[in-house]
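Trainee: For the sequence shown, the numbering used here begins at 1 and goes up steadily by one. Backbone N, C-alpha and C define an ideal beta-carbon position, used for all residues, glycine too. The structure displayed is predicted, hence computed values, not measured ones.
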Amino acid sequence: MTAPTAERVDRAKWSLRATFFFMGVAVAATSARFAEIKGHTHSSDAIFGYCIMVGNLGSIFGNFFGTQLSRKIGTRRTAQLIMCGVAGSQIAYGFVNRIWEIPLVAFAAGASYSLMNIACNSQGSMVQESVGRSLMPSFHGSWSVGACTASFAAGAIAKYVPVEWHLLGNSLIALFGCLVVSRALLPISVDRHDVATNSDVPHNLAIPIEIKNFIWMVAIGSFLATIAEVSVGDWSSIYLKEDLHIPIGINTLGYTCFVLAQILGRFSVGRWIDLYGIPRVIRVGGLLGGSGYLVGLIIANIERANHRYTALVIMCIAYAILGFGVAPMPPSYVSVAGSIPGIPTARALTRLAIIASTGFLVGRFTISSLAGLFGLPTALLFPATALIGSGILAHYLDIRRLNSSN
Numbered sequence: 001m002t003a004p005t006a007e008r009v010d011r012a013k014w015s016l017r018a019t020f021f022f023m024g025v026a027v028a029a030t031s032a033r034f035a036e037i038k039g040h041t042h043s044s045d046a047i048f049g050y051c052i053m054v055g056n057l058g059s060i061f062g063n064f065f066g067t068q069l070s071r072k073i074g075t076r077r078t079a080q081l082i083m084c085g086v087a088g089s090q091i092a093y094g095f096v097n098r099i100w101e102i103p104l105v106a107f108a109a110g111a112s113y114s115l116m117n118i119a120c121n122s123q124g125s126m127v128q129e130s131v132g133r134s135l136m137p138s139f140h141g142s143w144s145v146g147a148c149t150a151s152f153a154a155g156a157i158a159k160y161v162p163v164e165w166h167l168l169g170n171s172l173i174a175l176f177g178c179l180v181v182s183r184a185l186l187p188i189s190v191d192r193h194d195v196a197t198n199s200d201v202p203h204n205l206a207i208p209i210e211i212k213n214f215i216w217m218v219a220i221g222s223f224l225a226t227i228a229e230v231s232v233g234d235w236s237s238i239y240l241k242e243d244l245h246i247p248i249g250i251n252t253l254g255y256t257c258f259v260l261a262q263i264l265g266r267f268s269v270g271r272w273i274d275l276y277g278i279p280r281v282i283r284v285g286g287l288l289g290g291s292g293y294l295v296g297l298i299i300a301n302i303e304r305a306n307h308r309y310t311a312l313v314i315m316c317i318a319y320a321i322l323g324f325g326v327a328p329m330p331p332s333y334v335s336v337a338g339s340i341p342g343i344p345t346a347r348a349l350t351r352l353a354i355i356a357s358t359g360f361l362v363g364r365f366t367i368s369s370l371a372g373l374f375g376l377p378t379a380l381l382f383p384a385t386a387l388i389g390s391g392i393l394a395h396y397l398d399i400r401r402l403n404s405s406n
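#1: Along the chain, where does the alpha helix (DSSP H) that runs through Val163 open and close?
#2: Based on Cα-Cα distance, which residue from Arg351, Ser142, Arg71 and Gly221 lies nearest to Ala261?
#3: Looking at the structure shown, is Val326 part of a helix, part of a strand, or coil, going by DSSP?
#4: When you measure from the CB of Phe214 to every non-hydrogen atom of the ligand COA, does any distance come out below 8 angstroms?
#5: With a threshold of 8 angstroms on Cβ separation, who are the neighbours of Leu297 within its own chain once the five nearest residues in sequence on each side are excluded?
#6: Go ahead and pull the three-state DSSP assignment for Arg192.
#7: Would Ala394 be called buried (16 or more neighbouring beta carbons within 10 Å of its own) or exposed?
#8: Would you call His475 buried or exposed, if buried means 16 or more other Cβ atoms sit within 10 Å of its Cβ?
#9: Looking at the structure shown, is Ile340 part of a helix, part of a strand, or coil, going by DSSP?
#10: Who are the Cβ neighbours of Asn301 in its own chain at under 7 angstroms, not counting the five residues just before and after it?
#11: Mark Asp45 as exposed unless 16 or more other C-beta atoms lie within 10 angstroms of its C-beta, in which case mark it buried.
#12: Below 6 angstroms CB to CB, which residues in the same chain sit around Ser134 once its five sequence neighbours on both sides are set aside?
#13: Can you tell which of Ala228, Leu264, Ile248 and Trp235 has the C-alpha that lies nearest to the C-alpha of Phe324?
#14: If you draw a straight line from the C-alpha of Asn117 to the C-alpha of Pro330, how long is it?
#15: Are the CB atoms of Ala106 and Val181 within a distance shorter than 9 angstroms?
#16: Output needed for Met217: all residues of its chain with C-beta closer than 8 angstroms, excluding positions within five of it in sequence on either side, in chain order.
#17: Do Leu361 and Leu57 come within 9 angstroms of each other at the CB atom, strictly closer than that value?
#18: Hey, would you say Tyr255 sits closer than 9 angstroms to Ser268, going by beta carbons?
#19: Measuring CB atoms only, is the segment 113-130 touching the segment 364-372, in the sense that at least three cross pairs come out at less than 8 angstroms?
#20: Distance, Cα to Cα, Ile220 vs Gly110?
#21: My output table needs one value for Lys241: the three-state DSSP class, helix, strand or coil.
#22: Would His42 be called buried (16 or more neighbouring beta carbons within 10 Å of its own) or exposed?
#23: From which residue to which residue does the alpha helix (DSSP H) around Lys72 run?
#24: Report the three-state DSSP secondary structure of Gly389 (helix, strand or coil).
#25: So, using beta-carbon positions, are Ala28 and Ser151 closer together than 9 angstroms?
#26: Should Ser231 be labelled buried (16 or more other beta-carbon atoms within 10 Å of its own) or exposed?
#27: In or out: Lys13 buried (at least 16 other Cβ within 10 Å) or exposed?
#28: Determine the burial state of Asn306: buried for a count of at least 16 other Cβ atoms within 10 Å of its Cβ, exposed for fewer.
#29: Out of curiosity, what's the CA-to-CA distance linking Leu185 and Ile354?
#30: Let's see if you can read the secondary structure: which residues bound the alpha helix (DSSP H) around Asn306?
#31: Starting from the Cα of Leu352, find the closest Cα among Tyr333, Gly249 and Tyr276 and give me that residue.
#32: Quick check on the burial criterion: 16 or more other C-beta atoms within 10 angstroms. Buried or exposed for Thr67?
#33: Can you tell which of Leu387, Gly94 and Arg283 has the C-alpha that lies nearest to the C-alpha of Thr30?
#34: Mind checking whether Leu224 and Tyr293 have CB atoms under 9 angstroms apart?
#35: Judging by CA-CA distance, which residue of Ala356, Glu303 and Gly39 is the nearest neighbour of Leu244?
Structural data, given as structure tokens:
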């Protein structure tokens, strides 16, 4: 249970970046083609949204077992095993043609991806702690590069390759790549070292109330930001196709612009965090990204009746602003939770993920309900305001608040 060498940590750092890349490849192709998947089921926005929402139940289910599985077989083996479930669920999305099949696939996708997130984010926190500087944004930036690559490819081939065969090929490539590159992740001995050095609160004892309250605030901010981020994957291709009447293929541009800006933000934000701290970076990102997206939606909804391609350009800009603003959110929240003193990394991240997934279940339900009552253009105003709320809550994320209370 000794600490890993600098050479071993460096190998794991590059391996984790490549693993995140293939995670992004796996899920982004599905998001880019959600409009066609929804079309196969002949469902309304509200019903489709409720079915996708079951994925959050899967996330909650997976998060309950994240710590136990990681402790038993290690985070590296967990990532390798669970990636098979991630790939399988994305393949299944391409072959659904009945609405009742969507919640089953969404549940499997949510459960597998939540376990994958716990394993990879735990690895990232351990690598970041060993290196001594902010690396989590660059790990998540690699995810965005993978997502952008898959989204761009989806837009290029959507007119020519049926969605089922596209998702099959894309998922198999992501699975094979992940299994190869993840071999250099940190071994189980490093997980055990992390537990041994962060066992002030053993697994069989309750988390102290001050730590529990701090995790709650981190989780609330996290799920508000996640509502905004995931709504792009859930609804951008559908919104552009069905509300702005943009053709298949071109309707992937919104998601592509989002992840391109996210890449720029995530590979820059590490330096900003080191200079200004996580709370200030999240505050600026939340207020900038949420406000830009909100204004873009309002203008696009006004312009869409007469100038649909003008509305498309406006939305692409809005998605880019949103992507840049949301870029620091997931890695920052993971970094804060992973740096809480006294409890093992995987335990803190699992509790964060359970609370955030439960909250996001409510968020996805809200978007779907608003879409059914008022239409998707109005419903998408909700994730924009959620991101603004995440920025407002940022001042609660200073880890020094927790340290000063101990």
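Mentor: Let me lay it out:
#1: Here the alpha helix (DSSP H) through Val163 covers Val163 to Val181.
#2: Per the Cα distances, Ser142.
#3: In this structure, Val326 counts as helix in the three-state DSSP scheme.
#4: In terms of ligand content, the structure shown is empty, and the ligand COA therefore cannot be addressed.
#5: Cβ within range, chain order: Met315, Ala318, Pro377, Leu380, Leu381 and Ala384.
#6: In this structure, Arg192 counts as helix in the three-state DSSP scheme.
#7: Ala394 should be labelled buried.
#8: Missing from the structure shown is residue 475; the chain here goes from 1 to 406 and no further.
#9: When DSSP states are grouped into helix, strand and coil, Ile340 belongs to the coil group.
#10: In its chain, beyond the 5 residues on either side, Pro377 have a beta carbon closer than 7 angstroms to the beta carbon of Asn301.
#11: It is buried - the Cβ of Asp45 has at least 16 other Cβ atoms within 10 Å.
#12: Closer than 6 angstroms at the Cβ level, and outside the excluded window around Ser134, lie Gly270, Ile273 and Asp274.
#13: Closest in alpha carbon position to Phe324, among Ala228, Leu264, Ile248 and Trp235, is Leu264.
#14: So the alpha carbons of these two residues sit roughly 11 angstroms apart.
#15: Not a contact, by the Cβ cut-off of 9 angstroms.
#16: Correct list, in chain order: Leu393, Tyr396 and Leu397.
#17: It is a contact, given that the beta carbons lie within the stated cut-off.
#18: It is not a contact, given that the beta carbons lie outside the stated cut-off.
#19: Judged by pairs of C-beta atoms under 8 angstroms, the segment 113-130 does not touch the segment 364-372, as fewer than three such pairs exist.
#20: Approximately 19 angstroms between the Cα atoms of the pair.
#21: Helix.
#22: With fewer than 16 other Cβ atoms within 10 Å, it is exposed.
#23: Note, Lys72: alpha helix (DSSP H), Asp45 to Ile73.
#24: When secondary structure is reduced to three states using DSSP, Gly389 falls in the helix class.
#25: Yes; because the gap between Cβ atoms is below 9 angstroms, this pair is in contact.
#26: Buried.
#27: Buried, because 16 or more other Cβ atoms sit within 10 Å of the Cβ of Lys13.
#28: When all chains shown are included, Asn306 counts as exposed.
#29: So the alpha carbons of these two residues sit roughly 25 angstroms apart.
#30: Taken as a continuous stretch (DSSP letters only), Asn306 belongs to no alpha helix (DSSP H), as it is neither H nor E.
#31: Sorting Tyr333, Gly249 and Tyr276 by C-alpha distance to the C-alpha of Leu352 places Tyr333 at the top.
#32: The residue in question, Thr67, is buried, as its Cβ has 16 or more Cβ neighbours within 10 Å.
#33: Ranked by Cα distance from Thr30, the first of Leu387, Gly94 and Arg283 is Gly94.
#34: Their beta carbons are not under 9 angstroms apart, which means Leu224 does not touch Tyr293 by this criterion.
#35: Nearest C-alpha to Leu244: Glu303.
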